[in-house]
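Chains as they are written, first to last, in the numbering used here: chain A, 1 to 116; chain B, 1 to 111.
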């Protein structure tokens, strides 16, 4: 079974704090993704990584950065947390390529972040 | 016009009912279509995926794609309380990794 593990289920942080969200996958997937999910807005892609140290901005990268030093681990960083970053954060991973049967995105359980 | 439109519901049905969930889209480049199920406080999990127009069946679930109308559906037969979840449609182009999601429909199946 594919496993995508997010280090925290719930986090409470203060405005201005630097926040790290960690994600680890055990399927040797090249691709990893960070999304945020908000009521009425659905899932929105923050960043995508297709290899170690490689990244691409998604639809809403402002206020976020990412780090991928090892293939299995993808970190989302909020440099200076703000209240509008309160959200559910979801990590996903997949194989590369365009074959849909192979590059299914598998999601972690999510981290619910509250910024006060 | 949003790229993907999905009625957020909520949708409440009695156990055993047939459920129809739908999404419309505007981007003709979309070729791959997926349905994810998300239980409360969990991440989405892939339920079904299809490529091209037509039907695909898996047990009680049928996914339908009509590219000419830019319309996709998920049917659930003999719905069960365990089907209570948010259902998300997702789609992407042929050479693009990026998924575009609908906002999800919250379904409750009442025993």
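All C-beta atoms, glycine included, are put in the ideal place defined by N, C-alpha and C.
| Query | Result |
| --- | --- |
| Continuous beta strand (DSSP E) assignments of at least 3 residues falling wholly in the stretch 64–105 of chain B | 71–76 and 85–93 |
| Within-9 angstroms CB hit, residue 45/B to chain A | yes |
| Range covered by the beta strand (DSSP E) that runs through residue 36/A | 31–38 |
| Extent of the continuous beta strand (DSSP E) to which residue 45/A belongs | 42–51 |
| Contact between the stretch 40–53 of chain A and the stretch 11–24 of chain B (3+ Cβ pairs under 8 angstroms) | no |
| Local Cβ density within 10 Å of residue 26/B, reported as buried at 16 or more and exposed below that | exposed |
| Heavy atom of the ligand GDP within 8 angstroms of residue 83/B beta-carbon | For the ligand GDP, the structure offers nothing, since it holds no ligand at all. |
| Top-ranked residue by Cα proximity to residue 19/A, from 8/A, 78/A and 66/A | 78/A |
| Per-residue DSSP class, three states only, for residue 27/B | coil |
| For residue 109/A, the nearest candidate out of 34/A, 14/A, 17/A and 30/A (CA to CA) | 34/A |
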